[in-house]
Amino acid sequence: SEAPQNVTIEVVDAYNVRVSWKTPTKVDGTVVGYIVQWKANKVPKSNIYVLLVENLLLSNLSPKTLISVTVCTRIQRMSEAPQNVTIEALDPSVVRVSWRAPTTVYGTIVGYIAQWKANNVPRPELKMSKVDDLYISTLKPKTLISVTLCTRIQRSALDGDEYRACTGEVRTTTPGVEECEFLMLLLSKANLFLQSNLH
């Protein structure tokens, strides 16, 4: 089971209770944290998001309060990452990143995020809606561009946090200006050759 194991609740004193659990032993993906959904006297309280810990103290409670708790595992699944990610340099200043939406998603895809670097220097993330390609422009010639693409996933209405399922890094280097000029020169010579043969 992917749910937390051995969930217990312990009264510490009149104002505090401790919730404890164990990490699930079988998970299809990576555990990235937990959500604690709780009620005080049957009144729902705000969900609490915790990282890789196995206990939580609920404090500042009123004496003689009935506390009920549900603990959920937050899981990142590799099958939810974008598929067939490619990157190509279109010219010295533009690269195109393309991908396909993952086929298996536990929740709703709300978009994508591109984490990218120029010559190994991190740049601001690019957040996108439901598209399947991205153009990164105003680059300099001969720049190494590396991109990690992530699916943005909303698990449920109860889980207000956004999940990310990310690919490995793809890379390309933008061509130098002189390489493009050389290519244009070769094409011009090829056209002249064809025209002379046609006449």
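First residue of the sequence shown: 1, per UniProt numbering; consecutive thereafter.
Note that beta-carbon positions come from the ideal geometry of N, C-alpha and C, so glycine has one too.
Since we're looking at a predicted model, the values are computed, not measured.
C-alpha gap between residue i and residue j, whole angstroms
{"i": "residue 101", "j": "residue 107", "result": "13 angstroms"}
{"i": "residue 170", "j": "residue 27", "result": "27 angstroms"}
{"i": "residue 175", "j": "residue 150", "result": "26 angstroms"}
{"i": "residue 120", "j": "residue 127", "result": "20 angstroms"}
{"i": "residue 2", "j": "residue 24", "result": "5 angstroms"}
{"i": "residue 123", "j": "residue 116", "result": "6 angstroms"}
{"i": "residue 45", "j": "residue 19", "result": "15 angstroms"}
For residue j and residue i, believed in contact at Cβ under 8 angstroms, the rounded distance
{"i": "residue 93", "j": "residue 137", "result": "6 angstroms"}
{"i": "residue 105", "j": "residue 153", "result": "6 angstroms"}
{"i": "residue 71", "j": "residue 34", "result": "6 angstroms"}
Where residue i falls, given that 16 or more other Cβ within 10 Å makes a residue buried
{"i": "residue 10", "result": "exposed"}
{"i": "residue 4", "result": "buried"}
{"i": "residue 90", "result": "exposed"}
{"i": "residue 135", "result": "exposed"}
{"i": "residue 95", "result": "buried"}
{"i": "residue 12", "result": "exposed"}
Beta-bridge pairing of residue i - partner residues as DSSP gives them
{"i": "residue 34", "result": "50, 73"}
The ligand MN heavy atom lying under 7 angstroms from the CB of residue i
{"i": "residue 47", "result": "The ligand MN is absent from the structure shown, which contains no ligands of any kind."}
Residue from the options with nearest C-alpha to residue i
{"i": "residue 84", "options": "24, 55, 168, 155", "result": "168"}
{"i": "residue 148", "options": "2, 141, 174, 98", "result": "98"}
{"i": "residue 65", "options": "7, 16, 173", "result": "16"}
{"i": "residue 6", "options": "54, 12, 128", "result": "54"}
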